[in-house]
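Protein chains in written order, with the numbering used here: chain H, 3 to 226; chain P, 3 to 226. Just so it is clear, CB atoms sit at the ideal spot from N, CA and C, and this is done for glycine as well. It should be emphasised that the depicted structure is a prediction, and the values quoted were computed from it without experimental measurement. A quick write-up on the structure given underneath.
Protein chains: 2
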Amino acid sequence: MKAQILIVEDDADLIELLEYRLQKEGYETLGFLSTKNVKRALAEEHVDLILMDRSLPDIEGSEFIAMMREKGLDTPVIFLSAKDSKYQVEEGFIRGADDYMTKPFEMSELLLRIEAVLRRTKKSIHSNLVTYRDIQLDLSSRTIHIGAQEIELTKLEFDLLHTLIAHQGSVLKRDFLLKNVWGRGGSFQGRTVNVAINRLKEKIDPDKSKNYIKTIRGIGYTLF
Amino acid sequence: MKAQILIVEDDADLIELLEYRLQKEGYETLGFLSTKNVKRALAEEHVDLILMDRSLPDIEGSEFIAMMREKGLDTPVIFLSAKDSKYQVEEGFIRGADDYMTKPFEMSELLLRIEAVLRRTKKSIHSNLVTYRDIQLDLSSRTIHIGAQEIELTKLEFDLLHTLIAHQGSVLKRDFLLKNVWGRGGSFQGRTVNVAINRLKEKIDPDKSKNYIKTIRGIGYTLF
DNA sequence: CTCGCTTGTAACCATTATGTAACCAAATCT
DNA sequence: AGATTTGGTTACATAATGGTTACAAGCGAG
């Protein structure tokens, strides 16, 4: 899948140059002369990266980013800023951007930086998912989603749910769960597993309508 | 990797001579009789250096450079000029050329100057940014900005924040942090990571309103 | 060498998670 | 149906874990 790059730059010739080169590299491009229609484009299209002149006629680049971030958009941005002594001093004020290039720049270096930023932001979606019905566990971020809702589980509850899902289809005996989730053999007596399962049930299905976990009397628990 | 040199010169014989000699030295060359197609060539190919006659039939050399720089290209340029006057040499430098040769010139001297310019322009002065929400780390200058504010972090705190951001989206266990930030395996006990995280939290979010760092009880820490 | 900053450690506090027990409800058996 | 067995529910004590603070050793800049 090609990455789509949005360009905001008030120099039409530079847009042309950038679009030509980026398309040649296999990117899709969207060129804009001002930020006027950019917001709409961001809402309508999926944009992987924004290349933006820092000093646009209508708005300051970092201001635009601030607005964008406020709307909840975290599209990465690379600034293109003029090598103006005034801006050199204020380099620290380039904020919210993922990278920046000072004009004049080498086209090949820009391409490398684009690649780097895309690689970096793509990687953050390196999740490790386990799903059962509408439950979704992300093992790397240890987050749990049920439908669109995110819920919180303790370490024990998370591990318990994880092994239940991992062995879905088979009935898990208490000994098995104690060994796999708690780590110790039979050092626990009584209702330990029982209570844990119930606390888990309470969290993933408070109104008892989904019936994720089924009790097999005399044996243990299972998911279907 | 061979450097590519673009030549713009209205004397076809001189182009041929230059190309022959430069190729013999191991450079790749692109010859042009006018600036007409040079812009396109600069977009398509990586060019390390431009050799340019200062008085071309279609455009003045320094004017062309000005245009190029405005487009954001910083490819170095060496002027070749038939006129010999100190005044003009200085003017040439002021207008953005990296070096200047007056015809007739010694081929060996040109080669030396080409080498010098290429060596000089290899170094990159661009920064290396890592961002998370409104936090921005500049890895080359090791400065940290949160929004408009610049804050100071110790080496340890900087490295810690850096690895947290680099692995944003996954929970980082204490062992992992000890290995990656501290460098040693398990040579630390107790609250070492803990205290470091809290010192970092205190600096990047003194009034505890931003909640950048989330504690995952029993596992470690994460950004989200 | 000294001063100040950094940072590991320990002691202590606060919070959360969880094992256990007591009790209740439901299923199973005779 | 009543007894018995098994699981569910609740409350609570405490263990586990992380946060906070203070302090001293280490380290580097001057």
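- Interface with chain P (9 Å Cβ-Cβ cutoff): Arg135(H) is excluded.
- When the beta-carbon positions are compared, Thr156(H) and Leu179(H) stay at least 9 Å from each other.
- Judged by pairs of C-beta atoms under 8 Å, the segment 28–42 of chain H touches the segment 3–15 of chain H, as three or more such pairs exist.
- Distance between Ile116(P) and Lys26(H), taken at the CA atoms: about 29 Å.
- When DSSP assignments are scanned along the segment 188–221 of chain P, the uninterrupted stretches of beta strand (DSSP E) that are 3 or more residues long and fall wholly within it turn out to be 215–218.
- Only buried fits His147(P), as 16 or more other CB atoms lie within 10 angstroms of its CB.
- Taking 3 residues as the shortest admissible run, the segment 102–186 of chain P contains the following complete beta strand (DSSP E) segments, listed from N- to C-terminal end: 131–134, 137–140, 145–148 and 151–153.
- Between the alpha carbons of Val195(P) and Arg176(P) lies a gap of roughly 7 Å.
- Pairing Asp50(P) with Gly63(P) gives a Cβ-Cβ distance that is not under 9 Å.
- Excluding the 5 residues flanking it on each side, Leu32(H) has same chain C-beta neighbours closer than 8 Å at Gln6, Ile7, Leu8, Ile9, Ala43, Glu47 and Val49, in chain order.
- The beta carbons of Thr224(H) and Ser172(H) sit closer together than 9 Å.
- At a cut-off of 9 Å between beta carbons, Arg144(P) makes no contact with chain H.
- Under DSSP, the beta-bridge partners assigned to Leu8(H) are Leu32(H) and Ile52(H).
- Between Pro78(H) and Val40(H), the beta carbon gap of about 15 Å keeps them out of contact (Cβ cut-off 8 Å).
- In this structure, Val132(H) sits near Ile167(H), with a CB-CB distance shorter than 9 Å.
- Annotation: the continuous beta strand (DSSP E) that includes Leu82(P) extends over Val79 to Ser83.
- Secondary structure of Glu62(H) (DSSP, three-state): strand.
- Just measuring C-alpha positions, the residue of Leu163(P), Glu204(P), Glu111(P) and Ala45(P) sitting nearest Arg23(P) is Glu111(P).
- Taking C-beta atoms as the reference points, Ile215(P) and Asp207(P) count as a pair closer than 9 Å.
- Cβ atoms of Lys205(P) and Glu152(P) stay farther apart than 8 Å, at about 12 Å.
- According to DSSP, residue pairing for Tyr223(H) in a beta bridge involves Leu174(H) and Thr217(H).
- Counting C-beta atoms within 10 angstroms of its own C-beta, Lys73(H) has fewer than 16 neighbours from the protein chains shown and is therefore classed as exposed.
- Your pair Asp161(P) and Val183(P) checks out as a contact, with CB atoms roughly 5 Å apart and the cut at 8 Å.
- Not a single C-beta of chain H is nearer than 9 Å to the C-beta of His164(P).
- Under the DSSP assignment, Lys41(P) falls in the alpha helix (DSSP H) whose first and last residues are Val40 to Glu46.
- Spanning the alpha carbons of Arg193(H) and Ile221(H) requires a straight line of approximately 14 Å.
- Boundaries of the alpha helix (DSSP H) around Leu24(H): Ala14 to Lys26.
- Interface flag for Asn130(P) against chain H is set, since a Cβ pair is found closer than 9 Å.
- Within the model, the alpha-carbon separation for Leu58(P) versus Thr104(P) is close to 15 Å.
- Between the alpha carbons of Gly149(P) and Glu65(H) lies a distance of about 11 Å.
- Arg219(H) is outside the set of residues whose beta carbon lies under 9 Å from a beta carbon in chain P.
- Against Asp101(H), the close residues of chain P are Leu131, in the order they occur along the chain (beta-carbon pairs closer than 7 Å).
- Across the set Gly28(H), Gln138(H), Tyr134(H) and Leu16(H), the C-alpha of Tyr134(H) shows the shortest separation from the C-alpha of Phe226(H).
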